[in-house]
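The structure under discussion appears below in the form of C-alpha cells.
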Amino acid sequence: MRSTRMNDQTSPDLAAERAVLLARLEGVVAAEEEFNVPEALTYWAEDGIIQPAGSPQIEGKDAIRELYSQYFESGLVRKFSGVSSHMEMSAGGDLAFEYGVNRMVLAGEDGDLLDVGKYLAIWKKIDGEWMVAALSFTSDAAEPSPISV
Numbered sequence: 230m231r232s233t234r235m236n237d238q239t240s241p242d243l244a245a246e247r248a249v250l251l252a253r254l255e256g257v258v259a260a261e262e263e264f265n266v267p268e269a270l271t272y273w274a275e276d277g278i279i280q281p282a283g284s285p286q287i288e289g290k291d292a293i294r295e296l297y298s299q300y301f302e303s304g305l306v307r308k309f310s311g312v313s314s315h316m317e318m319s320a321g322g323d324l325a326f327e328y329g330v331n332r333m334v335l336a337g338e339d340g341d342l343l344d345v346g347k348y349l350a351i352w353k354k355i356d357g358e359w360m361v362a363a364l365s366f367t368s369d370a371a372e373p374s375p376i377s378v
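Residue numbering for the sequence shown follows my numbering, beginning at 230 and increasing consecutively.
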C-alpha cells in the first residue's frame with residue numbers, strides 16, 4: 230500500500246508561470262504605450278496601489294483610472310515606453326516583482342520634454358490570473374530635460 234501525506238501539494242511550474250506573467254507584462258505595457266486606459270486597467274487588481282513620483286499614493290482601480298486618464302488622455306504624455314530588466318517569482322508561484330526603466334515624452338510649454346526613470350511593480354495571482362498589485366515609479370532627474378531637435 231502506498232503512503233501519501235495529506236499536505237502534499239504539487240509544486241507550481243515556475244517556468245510556465247513566468248511565461249504567463251511575461252505575457253501579462255507585455256500586455257499591460259502595450260496598452261500603456263497605446264494609451265489604451267480601459268485595456269491597461271484589465272491588468273490591475275481592484276485594490277491596486279500606485280506610488281507616483283512626487284505625488285501621494287493612490288489606491289483602487291477608480292484612482293488608477295483617473296491617474297491613467299490624467300497622463301494618457303490629457304495630452305500631458307506624448308509617448309510612453311517601459312522595459313522590464315529583472316523579474317523574480319515566489320517559490321509558490323503566486324507573487325512576483327519586477328523592475329525596469331520607463332521613458333516618457335511630455336508636452337511642455339516650450340516644447341517636448343524627456344523624462345527617464347525607473348519603476349518597481351508587484352504582481353500577484355488573483356483567481357488564477359496575474360494582476361498588478363502595486364507600482365512605484367520615479368524619475369532619474371529632478372526635472373524632465375528639453376528634447377532638442
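C-beta atoms are modelled at their ideal positions from N, C-alpha and C, and glycine is treated no differently.
query	result
Nearest-angstrom Cβ-Cβ length linking residue 333 and residue 306, presumed shorter than 8 Å	5 Å
Span of the alpha helix (DSSP H) around residue 296	290-297
Other residues of its chain near residue 324: CB distance less than 6 Å, five sequence neighbours each side excluded	353
N- and C-terminal bounds of the alpha helix (DSSP H) containing residue 246	243-262
When 318, 267, 296 are compared against residue 278, the one with the closest alpha-carbon	296
Buried or exposed by the 16-neighbour rule on C-beta atoms within 10 Å, applied to residue 345	exposed
Whole-angstrom distance between residue 335 and residue 374, CA atom to CA atom	10 Å
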